[in-house]
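Report on one structure; see the data block that follows.
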Amino acid sequence: MKKVGIVTFHQALSYGAKLQAYALQKFLEYNGVENDIIDYTCHFMYTRLIRPIRVGNKHKLKSFVRSLITMRQTGIDRKKSVEFRNKYMKLSRPFDADNIKEASDEYSAFIAGSDQVWSPTCVGFDPVYFLNFAKPEQKYSYAASIAVKELPADKKDDYKRLLSDYQAFSVREESAAAIISELLGRESEVNIDPTLLLTEQQWDKISKPVVNEPYIFLFNVKKSTHLIDYAKRLSKKTGLKIYYLQKERIHKVKGVTYLDPVTANEFVGLIKNAEYVCTNSFHGTAFSIIYKKKFAVEFEHQGGRNIRSEELLNNLGIKNHEIRKDFYPNPDENVDWENVEKILSEHREKSKKYIEKIKAKL
Numbered sequence: 001m002k003k004v005g006i007v008t009f010h011q012a013l014s015y016g017a018k019l020q021a022y023a024l025q026k027f028l029e030y031n032g033v034e035n036d037i038i039d040y041t042c043h044f045m046y047t048r049l050i051r052p053i054r055v056g057n058k059h060k061l062k063s064f065v066r067s068l069i070t071m072r073q074t075g076i077d078r079k080k081s082v083e084f085r086n087k088y089m090k091l092s093r094p095f096d097a098d099n100i101k102e103a104s105d106e107y108s109a110f111i112a113g114s115d116q117v118w119s120p121t122c123v124g125f126d127p128v129y130f131l132n133f134a135k136p137e138q139k140y141s142y143a144a145s146i147a148v149k150e151l152p153a154d155k156k157d158d159y160k161r162l163l164s165d166y167q168a169f170s171v172r173e174e175s176a177a178a179i180i181s182e183l184l185g186r187e188s189e190v191n192i193d194p195t196l197l198l199t200e201q202q203w204d205k206i207s208k209p210v211v212n213e214p215y216i217f218l219f220n221v222k223k224s225t226h227l228i229d230y231a232k233r234l235s236k237k238t239g240l241k242i243y244y245l246q247k248e249r250i251h252k253v254k255g256v257t258y259l260d261p262v263t264a265n266e267f268v269g270l271i272k273n274a275e276y277v278c279t280n281s282f283h284g285t286a287f288s289i290i291y292k293k294k295f296a297v298e299f300e301h302q303g304g305r306n307i308r309s310e311e312l313l314n315n316l317g318i319k320n321h322e323i324r325k326d327f328y329p330n331p332d333e334n335v336d337w338e339n340v341e342k343i344l345s346e347h348r349e350k351s352k353k354y355i356e357k358i359k360a361k362l
């Protein structure tokens with residue numbers, strides 16, 4: 001049997017992107033599916049999101065100045081990202097837009113996902129993440145995210161063309177399943193993010209400690225509204241130091257200890273070994289759940305609302321952990337972790353059955 005190729009955002013300077021890629025690869029391996037992560041370099045992602053000096057289409061001067069301020073941190077992040085990929089991921093040979101078509105003769109099937117691979121804007125709507133290079137019988141997805149509740153009107157025909165010949169759909173959000181149903185008249189499975197497919201014990205195999213004292217871990221991916229204030233109040237109440245993982249230090253926060261970018265497995269370790277976690281990140285939330293931490297999450301931030309974290313907590317029956325303007329949760333409040341683990345086990349079994357269907361067709 002030939003290998004399966006995973007097409008995802010494994011090169012992104014995002015802990016969640018790398019960890020979901022690693023997790024899907026391991027889950028496939030655990031279920032007897034030999035695979036590589038396709039080492040595809042997306043031009044849009046590299047030029048806009050990865051290289052040290054970045055200039056966007058809008059606000060060019062502002063984005064240029066911002067990249068100069070964060071250049072040192074981005075350089076460290078890039079180095080740590082490559083370090084993690086080389087050590088923990090099984091990668092294909094390098095591909096780009098010019099030679100990606102060749103991959104269709106080297107793999108028996110491809111899985112697009114997870115992450116926002118089908119977003120209309122995330123990486124410039126790169127069709128490679130829709131598997132446009134593959135044969136129809138090779139096309140599958142796992143927890144692929146469209147990342148919007150409604151498709152832009154000018155891209156509906158493109159979506160219909162790019163997705164019409166898939167063998168099976170697995171998406172991450174109910175909204176994505178509804179879009180595919182409306183667009184193609186086909187059903188999709190809704191599956192959990194790959195990071196949640198692995199157990200605490202499986203993540204322990206790569207987790208690496210960073211801080212050697214009790215601490216509050218603060219991590220945000222979008223500019224927060226109340227998160228930092230909440231962490232500082234929690235620090236004052238508990239006497240614990242705040243360790244803040246934040247690359248864009250445009251406006252420095254007093255009363256926190258900044259961390260330079262870490263490897264993705266050190267990110268896992270930062271959550272595993274924290275006394276408390278304060279975050280507005282989906283994967284910050286996911287790993288807080290995996291490690292049964294005392295945590296609080298900000299859904300509403302300056303970039304919008306984190307519906308992914310909100311849906312996750314709702315699906316797992318975890319309440320009263322949202323930081324709001326009018327409500328600062330008690331992170332020490334009991335969570336029924338036994339029930340949470342039961343629900344996660346059911347989701348893992350559902351995902352396993354979906355992978356078994358793909359495996360049977362290889």
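Quick note, the sequence shown lines up with residues 1 to 362 if you use the numbering used here.
Beta carbons are placed, not taken as given, at the ideal position from N, Cα and C, and that holds for glycine.
- Rounded distance between the beta-carbons of ASP165 and LYS139, thought under 8 Å: Here the question's residue 139 lines up with position 139 in the sequence shown. Here the question's residue 165 lines up with position 165 in the sequence shown. The C-beta separation of LYS139 from ASP165 comes to about 6 Å, placing the pair in contact by the 8 Å criterion.
- Item | Inter-residue Cα distance where the pair is TYR230 and ILE323 | The count along the sequence shown starts at 1 and reaches residue 230 at position 230. The count along the sequence shown starts at 1 and reaches residue 323 at position 323. When rounded, the separation of the alpha-carbon atoms in TYR230 and ILE323 is 8 Å.
- Task: Could you tell me which residues DSSP puts in a beta bridge with ASP36?
- Result: Position 36 of the sequence shown holds residue 36. In DSSP, ASP36 forms a bridge with GLY5.
- Message: Measuring alpha carbon to alpha carbon, tell me which residue in MET71, ALA168, GLU341, GLU173 is nearest ALA360.
- Response: As a working note, residue 360 is residue 360 in the sequence shown. Among MET71, ALA168, GLU341, GLU173, the Cα nearest to that of ALA360 is on ALA168.
- Query: Can you tell me where the alpha helix (DSSP H) with ARG308 in it begins and where it stops?
  - Reply: Residue numbering aside, residue 308 sits at position 308 when the sequence shown is read from its first letter. 307-316 is the span of the alpha helix (DSSP H), which, as asked, contains ARG308.
- Message: Measuring straight from C-alpha to C-alpha, what distance separates LEU245 and VAL82?
- Response: Sequence index remark: in the sequence shown, residue 245 carries index 245 (1-based). Sequence index remark: in the sequence shown, residue 82 carries index 82 (1-based). C-alpha separation (whole angstroms): 19 Å.
- Query: Taking all protein chains shown into account, do 16 or more other C-beta atoms lie within 10 angstroms of the C-beta of GLN11, making it buried, or fewer, making it exposed?
  - Reply: Here residue 11 is taken as the residue at index 11 of the sequence shown, counted from 1. Counting Cβ neighbours within 10 Å, GLN11 comes out buried, since at least 16 surround it.
- Message: In the DSSP output, what is CYS278 paired with across the bridge?
- Response: To locate residue 278, count along the sequence shown from 1; it is residue 278. Residue pairing of CYS278 in beta bridges, as defined by DSSP: LEU218, ALA296.
- Query: Between which two residues does the beta strand (DSSP E) harbouring TYR243 extend?
  - Reply: Taking the first residue of the sequence shown as 1, we reach residue 243 at position 243. Secondary structure note for TYR243: its beta strand (DSSP E) is the uninterrupted segment 241-245.
- Message: Pop quiz: GLY185 and ALA144 are said to be a contact at Cβ under 8 Å. What is the actual Cβ separation, rounded to whole angstroms?
- Response: Working through the sequence shown from its first residue, we reach residue 185 at position 185. Working through the sequence shown from its first residue, we reach residue 144 at position 144. Their Cβ separation, rounded to whole angstroms, is 18 Å, which puts GLY185 and ALA144 out of contact at 8 Å.
- Message: According to DSSP, simplified to helix, strand and coil, what is THR74?
- Response: By one-based count along the sequence shown, residue 74 stands at place 74. In the structure shown, THR74 adopts helical secondary structure according to DSSP, grouped into three states.
- Name the one or two DSSP bridge partners that TYR140 has. As a first step, residue 140 is located in the sequence shown; it is residue number 140 there, counting from the start. Answer is ILE111, ALA168, bridged to TYR140.
- Item | Buried versus exposed call for ALA23 [16 or more other C-beta atoms within 10 Å across all chains shown] | As a first step, residue 23 is located in the sequence shown; it is residue number 23 there, counting from the start. Flag for ALA23 reads buried.
- Under 8 Å between C-beta atoms, does ASN339 make it to chain D? Reference to chain D is not applicable here, since this structure consists of a single protein chain.
- Message: Less than 8 Å between the C-beta atoms of VAL4 and ALA109, yes or no?
- Response: Taking the first residue of the sequence shown as position 1, residue 4 is located at position 4. Taking the first residue of the sequence shown as position 1, residue 109 is located at position 109. In this structure, the beta-carbon distance from VAL4 to ALA109 falls below 8 Å.
- Message: Less than 8 Å between the C-beta atoms of ALA147 and SER170, yes or no?
- Response: If you number the sequence shown from 1, residue 147 lands on position 147. If you number the sequence shown from 1, residue 170 lands on position 170. Their beta carbons are not under 8 Å apart, which means ALA147 does not touch SER170 by this criterion.
- Task: Taking ASP332 and LYS294 to be in contact with their CB atoms under 8 Å, please state how far apart those CB atoms are, rounded to whole angstroms.
- Result: Sequence index remark: in the sequence shown, residue 332 carries index 332 (1-based). Sequence index remark: in the sequence shown, residue 294 carries index 294 (1-based). ASP332 to LYS294, Cβ: 6 Å. Contact.
- Query: Can you give the Cα-Cα distance for ALA177 and LEU183, rounded to whole angstroms?
  - Reply: On the sequence shown, residue 177 is found 177 positions in, with the first residue counted as 1. On the sequence shown, residue 183 is found 183 positions in, with the first residue counted as 1. When rounded, the distance between both Cα atoms is 10 Å.
- Should GLY255 go down as buried or exposed, given a rule of 16 or more other Cβ atoms within 10 Å for buried? Counted from its first residue, the sequence shown places residue 255 at position 255. Exposed is the call here.
- Could you check where the alpha helix (DSSP H) with ASP92 kicks off and where it finishes? Counted from its first residue, the sequence shown places residue 92 at position 92. Asp is not the amino acid found at residue 92; the sequence shown has Ser there. Here SER92 belongs to no alpha helix (DSSP H); instead the beta strand (DSSP E) covers 91-95.
- Message: If I measure Cβ to Cβ from LYS90 and keep anything under 6 Å in the same chain, skipping five residues before and after, which residues do I get?
- Response: Reading the sequence shown from its first residue, position 90 is the one you call residue 90. For LYS90, where only same-chain residues beyond five positions count, the Cβ hits under 6 Å are ASP36.
- Message: What does the alpha-carbon distance come out to for the pair LYS241 and ASP98?
- Response: Translated into the one-based positions of the sequence shown, residue 241 becomes position 241. Translated into the one-based positions of the sequence shown, residue 98 becomes position 98. So the alpha carbons of these two residues sit roughly 49 Å apart.
- Apart from the five residues just before and just after ASP115, which ones in its own chain have a Cβ nearer than 7 Å to its Cβ? One-based indexing of the sequence shown puts residue 115 at position 115. Closer than 7 Å at Cβ, skipping near neighbours: THR8, PHE9, ALA17, GLN20, SER145.
- What's the C-alpha gap between TYR142 and LYS237? If you number the sequence shown from 1, residue 142 lands on position 142. If you number the sequence shown from 1, residue 237 lands on position 237. If you take the alpha carbons of TYR142 and LYS237, they lie about 42 Å apart.
- Query: Considering only residues of the same chain and omitting the five flanking positions on each side of SER309, which have a CB-CB separation below 7 Å?
  - Reply: Within the sequence shown, the letter at position 309 stands for residue 309. Taken in chain order, the residues that qualify are PHE282, THR285, VAL297, PHE299.
- Message: Please return the same chain residues whose Cβ sits closer than 7 Å to the Cβ of ASP126, not counting the five positions on each side in sequence.
- Response: Along the sequence shown, read from residue 1 onward, the residue named residue 126 stands at position 126. Exclusion of the five residues before and after ASP126 leaves CYS42, PHE44 as the residues of its chain whose Cβ lies within less than 7 Å of its Cβ.
- Query: Do THR47 and LYS247 come within 8 Å of each other at the CB atom, strictly closer than that value?
  - Reply: As a working note, residue 247 is residue 247 in the sequence shown. As a working note, residue 47 is residue 47 in the sequence shown. No; because the gap between Cβ atoms is not below 8 Å, this pair is not in contact.
- Task: Tell me, to the nearest whole angstrom, how far the beta carbon of PHE392 is from that of ALA264; I am working on the premise that it is less than 8 Å.
- Result: Residue coverage of the chain in this structure runs from 1 to 362, which leaves residue 392 outside it and unanswerable.
- Item | ARG324 - DSSP class collapsed to helix/strand/coil | On the sequence shown, residue 324 is found 324 positions in, with the first residue counted as 1. Correct three-state label for ARG324: strand.
- Same chain, Cβ closer than 6 Å to GLN258, neighbours up to 5 away in sequence not counted: Locating residue 258 in the sequence shown gives position 258, counting from the first residue. Note that residue 258 is Tyr in the sequence shown here, rather than Gln. If we look at TYR258 and ignore the five residues flanking it on each side, its Cβ neighbours are TYR244.
- Quick one: using the 10 Å Cβ neighbour count with 16 as the cut-off for buried, is SER188 buried or exposed? Along the sequence shown, one-based indexing puts residue 188 at 188. Counting Cβ neighbours within 10 Å, SER188 comes out buried, since at least 16 surround it.
- Query: What span of residues does the beta strand (DSSP E) with TYR258 cover, start to end?
  - Reply: To locate residue 258, count along the sequence shown from 1; it is residue 258. Residues 257-259.
- Message: For a test of the three-state rule: what should DSSP assign to GLU346, helix, strand or coil?
- Response: Indexing the sequence shown from 1 puts residue 346 at position 346. In this structure, DSSP gives GLU346 a helical state, which the three-state scheme calls helix.
- Between PHE327, ILE343, LYS272, ARG72, which lies nearest to GLN202 when the distance is taken from Cα to Cα? Within the sequence shown, numbered from 1, the residue matching residue 202 stands at position 202. With distances taken between Cα atoms, GLN202 lies closest to LYS272.
- Message: Looking at the secondary structure, which residues open and close the alpha helix (DSSP H) in which ARG161 lies?
- Response: For this step, residue 161 is matched to residue 161 along the sequence shown. Per DSSP, ARG161 belongs to the alpha helix (DSSP H) from 156-163.
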